[in-house]
Amino acid sequence: MNKNSVILVVSLAIFLIIAISPVNNLVKLAVMALALIVIIWSRRATFYFVTANKNYTSKDPEKRKKSIDGFKKALQLGGLPDNYTISAASLLIQNGEAEVGKAALDKLASKSGKSLQVVSNAKISASMACWIERDLDGAIKYIEEVKKTAYRDKNLYINGATYYLEKGDITAFNKLCDEWKEKNVQSPALKDLEVVREMLRGNWRKAGNMINDILSLKSYSFADPYVHKAQIRLHYHDVNGAVEALKEALENTKFNACSVITKDVIEKAINILEDKESARKLINGNEEDPLSLVNGRLPAFSDKDFVVNEEKEEKTEQKVSRKEEESSANTDLTDDDEEWLKAHGLS
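Residues 1 to 347 (full-length UniProt numbering) are what the sequence shown spells out, left to right.
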């Protein structure tokens, strides 16, 4: 229990004792008022957080800017509930205060007695600060530390997949993707990352069907699915479709320091695609290196033209799909499995 929590408990106790004590009413009111002031003072960090959070969700740019100072003040005062600390620190990381946010998260994760969930969430959020500061190995280290525990959630998978892709470690990315699919962890971002996997495998038709399903449900505040749709359209030499998808990204995305694909990159891509010759070279570059745009970088121009054979692609993907079905593990429980589970108290 931190200092502010102790003060709160003691003040509440005094407040209640005085309220039922047979003392002079004037004295009672004075002591109760003092105890109430102390209670409010001990919770001032929470007050700063709630006010900052309200300002952050405002459409007024000045209020949003003011909210950052409020989050910093709340963390500085201390005594916030753990979930508020993680939320405030994460928002600071996303808004140009990575060092402040990371320090608060590291402090929280190092405290004794914290639950696995709190420590894991703090480390996952802290990894974003490393990533923003271009310390990719540091970001991956946080993720690997959490992976050694039993804790799993969508943010672990999203962040980990993002870092592995930027590292170019496709094997680690695929393993992580297999794991969240096996555990049936779902989110729009994870579905979009599954689209990336199909793109990297050359399964463009499948990737296109998947991204269309994702974007048919709703609009998203992150650019990635729109950009991946644009990449798929570029594969099929559909420049107009790619530009349309990129413009959707600009229209819907709320860009921040944690955005994998920036507004600047998207605008540059649109400008390039407006010129026929530049568009051709970008299409070729995307075909040779789709991972660049996935990681928020424009691919190098290429003069190596390619031709899409949609009939051949369809046959190849059908063949791959059959192989995947045939090689998938049999997860049905046998009688021996059931007996083992009962013996170990797991059934």
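We treat Cβ as the ideally placed atom computed from N, Cα and C, and that holds for glycine. Keep in mind the model is a prediction, meaning the values are calculated, not measured.
Hey, out of the options, whose CA is closest to residue i's CA?
i           : options                           : result
TYR163      : ILE124, LEU200 and ARG43          : ILE124
ASN252      : MET210, LYS218 and CYS130         : LYS218
ARG134      : GLU99, VAL118, ALA172 and ILE170  : GLU99
SER187      : TRP204, THR57 and ILE158          : ILE158
THR57       : HIS237, LYS254, ASP192 and ARG280 : LYS254
LYS268      : ASP106, LEU250 and ASN209         : LEU250
residue 354 : LEU282, ALA257 and ILE261         : Past the boundaries of the shown model lies residue 354; the chain is included only from 1 to 347, so the question cannot be answered.
ARG64       : LEU75, ALA74, CYS258 and ALA52    : ALA52
ASP178      : ALA257, ARG197 and ALA103         : ARG197
ASP303      : LEU282, ARG297, THR171 and TYR220 : LEU282
LEU190      : GLY202, ASN209, THR171 and ILE214 : ILE214
ALA122      : LYS141, GLU182, ASN83 and LYS147  : ASN83
LYS183      : LYS206, ASN203, ARG205 and ASP153 : ASP153
MET210      : TYR220, PRO225 and SER221         : PRO225
ALA242      : GLY208, ALA74 and TYR220          : GLY208
PRO299      : GLN231, LYS263 and VAL118         : GLN231
SER216      : GLY202, GLU248, TRP204 and VAL185 : GLU248
ASN203      : SER259, LYS114 and GLU287         : GLU287
GLY138      : VAL118, GLY160 and ARG205         : GLY160
Compare the beta carbon distance of residue i and residue j with 8 Å and say whether it is the shorter of the two.
i           : j      : result
GLY285      : PHE301 : yes
LEU246      : ILE272 : no
VAL195      : HIS228 : yes
GLY101      : LEU108 : no
residue 413 : ILE68  : Since the first residue shown for the chain is 1 and the last is 347, residue 413 is missing from the structure and cannot be characterised.
LEU200      : PRO290 : yes
ASN295      : GLU145 : no
ASN256      : ASN95  : yes
VAL308      : ALA279 : no
ALA45       : GLY79  : yes
THR149      : LEU176 : no
ASN55       : LYS66  : yes
What first and last residue would you give for the alpha helix (DSSP H) that runs through residue i?
i      : result
ASN286 : 276-288
SER90  : 82-94
ASN271 : 263-273
CYS130 : 116-132
CYS177 : 170-182
ARG44  : 44-56
LEU190 : 188-200
ASP224 : 224-235
PRO61  : 61-77
LEU298 : Run containing LEU298: none; DSSP gives neither H nor E here.
GLU251 : 239-252
ASP213 : 204-217
ASP106 : 98-110
LYS154 : 154-167
TYR151 : From DSSP, TYR151 is part of no alpha helix (DSSP H); its letter is neither H nor E.
Mind reading off the beta-carbon distance from residue i to residue j? Whole number of angstroms is fine, and I expect it under 8 Å.
i      : j      : result
SER127 : ILE143 : 6 Å
PHE71  : PHE49  : 7 Å
LEU77  : ALA89  : So it is not a contact: roughly 14 Å between Cβ atoms.
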